[in-house]
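Chains X and E, in that order, are what the protein sequence lines are. Residue numbers for the first sequence follow the working numbering, so the first one is 1 and each next one is one higher. Residue numbers for the second sequence follow the working numbering, so the first one is 361 and each next one is one higher. Beta carbons: idealized from backbone N, C-alpha and C, even for Gly.
2 protein chains.
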Amino acid sequence: MERVSVRMPGRAYEVCIGPGVLARADELLPALAGAERAFVIADAPVAERYLAALSDGLAGRGLGVVHLGVPEGEEAKSLQVMNALERQLATQVAHRDDPIVALGGGAVGDLAGFVAATYMRGVPFVQVPTTLLSQVDSSVGGKTGINHPLGKNMIGAFYQPQAVIADTSTLNTLPARELSAGLSEVIKHGAIIDPPFFDWIEANIDKLVQKDAVALAYAIKRSCEIKADVVRQDEREGGLRAILNFGHTFGHAIEAGMGYGVWLHGEAVGCGMVMAADLSHRLGFIDDRTNARIAAVVKAAGLPAVAPDLGTSRWLELMEVDKKNEGGQIKFILLKPLGTSVIMPVPQDVLLQTLSACTG
Amino acid sequence: MERVSVRMPGRAYEVCIGPGVLARADELLPALAGAERAFVIADAPVAERYLAALSDGLAGRGLGVVHLGVPEGEEAKSLQVMNALERQLATQVAHRDDPIVALGGGAVGDLAGFVAATYMRGVPFVQVPTTLLSQVDSSVGGKTGINHPLGKNMIGAFYQPQAVIADTSTLNTLPARELSAGLSEVIKHGAIIDPPFFDWIEANIDKLVQKDAVALAYAIKRSCEIKADVVRQDEREGGLRAILNFGHTFGHAIEAGMGYGVWLHGEAVGCGMVMAADLSHRLGFIDDRTNARIAAVVKAAGLPAVAPDLGTSRWLELMEVDKKNEGGQIKFILLKPLGTSVIMPVPQDVLLQTLSACTG
């Protein structure tokens, strides 16, 4: 088992990574003083697969388990689902010491985290991510929230978990497309901050795609370490943390432009990184070879490297409403060089060249 | 003008107290980098009275003002109103640098604070409390939230403002009953922590009831200082902060038992303090004279000192569901002696004696 310590202002917690850790909640969870029941939020297929093992672990800590069901996927992140969960917690008289446990992918984690952040002004929160994307990305950082008809993640909070239990065995049944989507964020962490890790990803991308257990555990660990390091310095996204959005300005435009759910988030980010690298290259920040390396590793991860043709005006419109763009100016996270990021507006003509070169 | 500095982990802000400060937002607000518009949440009567002056001050800082209307009183703290506000913010493309301003009493402050805490995972928040209760109580502490059909303040967050502007001129038009309700929390701060302040309140209670401007400004300042001191040590109510709930276990039972809104919160707390003092006295923690002093100052403040007869079993039921009582055990905040608080369960027979002695 690998462990990553995440130290946030006022709270520290551990990410436990490895095969079978899900059933070891009894030994891996920190003290949860006063807790009587754990409220586990999970969709039906995930609950069927993992709830029994998790419940055994929680029972070993003397915790009763109450399962709160939610719809599958992004649909769970709605106000209606959130209200239904709050009603169930209130009806069952959940106490402020009782933990809320997110069992599932990123959507369940975002939703359950926001419920934990706001029920009785905050109750203990434990994450048990069961997809690669949620293990490498949403298990560190404290972003929680739900969608609004007018915007993704529009309502939410920053809220840190008490612990994250990332069981790599859950990846055995993960569809290839979702594995690739998770690898997208792994590649991102290497590209923006850690050139040796990027080299390692390149050398091991086939193993990762083939779900080699040791390679996956290392990739998750190193990703969590990198992200924890960034987030510790900037919990609320005042500055540094924005570099974690590398590839996301393009990626969010693809997701919104195609209709949420058509491309997976990780797929859109993978393609977005290829576009951000192209833009960095056009501005002279990275050389030909580096640009090609990024596109190649994205492709080798099974991710799309060619963007959908949304039309130039739609592209610009979608990127302008991206909520990270305060003051109406589109800023991009660029590589300068590989392993270092800069955040800056770019000349419109260069942006148009990238849009033209990268769309198919 | 009086100023109180509130230092919370990771954030410090000032409470500015005095006549006319509401119109001085231009000089009193801290830097709000990137802000273009202020979204001012207020009900219609409050907006009619104070929005123009506040807007002038905000305009002096180059901020456009958008007024978002809400129902009067506790009705504002509903999920429906919150959703309507979020929809308006999203429709108007409020940016994450744009502040949300609460203009009004405690209900508007709680609601607006929770909207600020959760819109885009948190935007800047400014409080402009216009009642004595909100000036002495909710302007320090960061508690925000809305009500749920199954419980008051059941959904919320801890979220600190950037600044609090407490204009004592707004108290000139405050109904006597609401002034008394605010004095309840002032008395509480003296009773639980600061005997000299309690003496001062006793000596000045008539001036306070008559809205003497200098006396009110001092009472607000000292209350904010005391509360800030407690909250700084315990933002999330792990321990010490619970003493601020002196009188509240009885008080919440009165509010719920009579139906929310029949007694004002401050009235219920005033009566609750008389009951908590009676209980402290029966347990030998305070003497006869101290017990009588507390009842006398509560009465002199224009507050009810005799509790409604809810029936013993209903009393116990209402206190048991109070959310501060983890583990099913009723704990009370008691004086031992005046100026010092203890939190402990009490023998049921003594509690029944207090219920019997204090109800009319």
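Along the alpha helix (DSSP H) that carries Phe114(X), what are the first and last residues, could you check? As a first step, residue 114(X) is located in the first sequence; it is residue number 114 there, counting from the start. Boundaries of the alpha helix (DSSP H) harbouring Phe114(X): Gly106 to Thr118, taken from the DSSP string.
Give me the residue from Val710(E), Ser365(E), Ala404(E) and Gly417(E) with the minimum Cα distance to Arg384(E). Counting from 1 along the second sequence, the entry for residue 384(E) is found at position 24. Comparing Cα positions, the closest option is Gly417(E).
Kindly say whether Pro9(X), judged by its beta-carbon, lies nearer than 8 Å to any beta-carbon of chain E. Here residue 9(X) refers to the residue found at position 9 when the first sequence is read from its first residue. Output row for Pro9(X): interface = yes.
For Leu510(E), which residues in chain X fall below 8 Å Cβ to Cβ? The sequence position of residue 510(E) within the second sequence is 150, counting from 1. Neighbours of Leu510(E) on chain X, chain order: Arg87, Ala90 and Thr91.
DSSP state of His427(E), grouped into three classes? On the second sequence, residue 427(E) is found 67 positions in, with the first residue counted as 1. In the structure shown, His427(E) adopts extended strand secondary structure according to DSSP, grouped into three states.
Length of the line joining the Cα atoms of Lys299(X) and Tyr410(E): Stepping through the first sequence from its first residue, residue 299(X) is reached at position 299. Stepping through the second sequence from its first residue, residue 410(E) is reached at position 50. Computed Cα separation, rounded: 60 Å.
Can you give me, in chain order, the residues of the segment 455-471 of chain E that have a beta carbon less than 8 Å from any beta carbon in chain X? Answer in chain order: His455, Arg456 and Asp457.
Distance between beta carbons of Ala551(E) and Phe606(E), contact taken as under 8 Å: One-based indexing of the second sequence puts residue 606(E) at position 246. One-based indexing of the second sequence puts residue 551(E) at position 191. So it is a contact: roughly 7 Å between Cβ atoms.
Neighbour list for Lys503(E) in chain X, Cβ cutoff strictly below 9 Å: Within the second sequence, numbered from 1, the residue matching residue 503(E) stands at position 143. Ordered by position in chain X, the residues that pass the 9 Å Cβ test against Lys503(E) are Arg121.
Output, in sequence order along the chain, the residues in the segment 151-172 of chain X whose CB is closer than 9 Å to any CB in chain E. Close to chain E, meaning a Cβ-Cβ distance shorter than 9 Å, are the following residues of the segment 151-172 of chain X: Gly151, Asn153, Met154, Ile155, Gly156, Ala157, Phe158 and Tyr159.
With a threshold of 8 Å, are at least 3 pairs of Cβ atoms found where one atom belongs to the segment 709-718 of chain E and the other to the segment 636-652 of chain E? Three or more beta-carbon pairs drawn from the segment 709-718 of chain E and the segment 636-652 of chain E are found closer than 8 Å, and the two stretches are therefore classed as touching.
Closer than 9 Å, Cβ to any Cβ of chain X: which residues of the segment 590-605 of chain E, in chain order? From the segment 590-605 of chain E, only Glu595, Arg596 and Glu597 have a Cβ closer than 9 Å to chain X.
Listing by chain order, which chain E residues have their CB less than 8 Å from the CB of Leu79(X)? As a first step, residue 79(X) must be located in the first sequence, where it is residue number 79. Within 8 Å of the CB of Leu79(X), the CB atoms of chain E belong to Asn443, in sequence order along the chain.
Looking at the unbroken beta strand (DSSP E) that takes in Tyr13(X), where does it start and where does it end? Translated into the one-based positions of the first sequence, residue 13(X) becomes position 13. From DSSP, the beta strand (DSSP E) with Tyr13(X) extends over Arg11 to Gly18.
Own chain residues within Cβ distance below 7 Å of Ala107(X), not counting five before or after: Against the first sequence, residue 107(X) aligns to sequence position 107. Closer than 7 Å at the Cβ level, and outside the excluded window around Ala107(X), lie Gly73, Glu74, Ala76 and Lys77.
Just to confirm before moving on: does the CB-CB distance between Leu471(E) and Val441(E) stay below 8 Å? Stepping through the second sequence from its first residue, residue 471(E) is reached at position 111. Stepping through the second sequence from its first residue, residue 441(E) is reached at position 81. Val441(E) sits close to Leu471(E), with the two beta carbons spaced by under 8 Å.
For Ala256(X), which residues in chain E fall below 8 Å Cβ to Cβ? Locating residue 256(X) in the first sequence gives position 256, where the first residue counts as 1. Going along chain E, no residue has its Cβ under 8 Å from Ala256(X), so there is no contact; the nearest lies around 14 Å.
By the DSSP assignment, the alpha helix (DSSP H) with His641(E) in it spans what residues? In the second sequence, residue 641(E) corresponds to position 281, counting from 1. Here the alpha helix (DSSP H) through His641(E) covers His625 to Arg642.
Can you give me the C-alpha to C-alpha distance between Leu676(E) and Gly113(X), rounded to a whole angstrom? Translated into positions along the second sequence, residue 676(E) becomes position 316. Translated into positions along the first sequence, residue 113(X) becomes position 113. Their backbone Cα atoms lie some 33 Å apart in a straight line.
With a floor of 3 residues, list each beta strand (DSSP E) that falls wholly inside the segment 393-454 of chain E, ordered by position along the chain. You should have 397-403 and 424-430.
Would you mind listing the alpha helix (DSSP H) stretches within the segment 552-608 of chain E that are 4+ residues and don't spill past its ends, in chain order? Every alpha helix (DSSP H) of 4 residues or more that sits fully in the segment 552-608 of chain E is shown, in chain order, as 555-569 and 573-593.
Counting only beta-carbon atoms, is Thr118(X) nearer than 8 Å to chain E? As a position in the first sequence, residue 118(X) is number 118, starting the count at 1. Taking Cβ atoms only, chain E reaches closer than 8 Å to Thr118(X), which makes this a yes.
The alpha helix (DSSP H) that contains Arg293(X), what's its start and end? In the first sequence, the residue the question calls residue 293(X) occupies position 293. Annotation for Arg293(X): the continuous alpha helix (DSSP H) segment containing it runs Asp288 to Ala300.
Around the Cβ of Pro575(E), are there at least 16 other Cβ atoms within 10 angstroms (buried) or fewer (exposed)? By one-based count along the second sequence, residue 575(E) stands at place 215. Residue identity check: residue 575(E) is Ala in the sequence provided, not Pro. It counts as buried.
Cβ shell of Gly142(X) (< 8 Å), same chain only, five flanking positions each side left out: Within the first sequence, numbered from 1, the residue matching residue 142(X) stands at position 142. Excluding residues within five positions, the ones whose Cβ falls inside 8 Å are Met8, Gly113, Phe158, Tyr159, Gln160, Pro161, Val231 and Glu235.
Which first and last residues belong to the alpha helix (DSSP H) in which Val350(X) is found? Translated into the one-based positions of the first sequence, residue 350(X) becomes position 350. From DSSP, the alpha helix (DSSP H) with Val350(X) extends over Gln348 to Cys358.
Kindly indicate which three-state DSSP category Met679(E) falls into: helix, strand or coil? As a working note, residue 679(E) is residue 319 in the second sequence. Reduced to three states, the DSSP call for Met679(E) is helix.
Cutting at 6 Å between CB atoms, please list the residues of its own chain near Ser134(X), excluding the five before and the five after it. For the purposes of this step, residue 134(X) is taken as residue 134 along the first sequence, with counting starting at 1. Hits under 6 Å: Gly105, Gly106 and Gly109.
Identify every residue that forms a DSSP beta bridge with Val140(X). The residue given as residue 140(X) occupies position 140 in the first sequence. Paired residues: none, contrary to the question.
Which residues in the same chain as Ala398(E) place their Cβ atom closer than 6 Å to its Cβ, once the five residues preceding and following it in sequence are excluded? Indexing the second sequence from 1 puts residue 398(E) at position 38. Only Leu418, Leu423, Val425, Pro459 and Val461 meet the Cβ criterion.
Could you spell out where the alpha helix (DSSP H) holding Asp26(X) opens and where it closes? Residue numbering aside, residue 26(X) sits at position 26 when the first sequence is read from its first letter. Run containing Asp26(X): Ala25 to Leu28, per the alpha helix (DSSP H) assignment.
Pull up the distance between the alpha-carbon of Leu678(E) and that of Glu267(X), whole angstroms please. Stepping through the second sequence from its first residue, residue 678(E) is reached at position 318. Stepping through the first sequence from its first residue, residue 267(X) is reached at position 267. Going from the Cα of Leu678(E) to the Cα of Glu267(X) covers about 53 Å.
If you draw a straight line from the alpha carbon of Gln233(X) to that of Leu240(X), how long is it in whole angstroms? Counting from 1 along the first sequence, the entry for residue 233(X) is found at position 233. Counting from 1 along the first sequence, the entry for residue 240(X) is found at position 240. Approximately 7 Å, taken between the alpha carbons.
Alpha carbon to alpha carbon, how far is Tyr218(X) from Thr261(X)? Give it in angstroms, no decimals. Within the first sequence, the letter at position 261 stands for residue 261(X). Within the first sequence, the letter at position 218 stands for residue 218(X). Looking at the sequence itself, residue 261(X) is Gly, so the reference to Thr does not match. Between the C-alpha atoms of Gly261(X) and Tyr218(X) there is a straight-line separation of about 29 Å.
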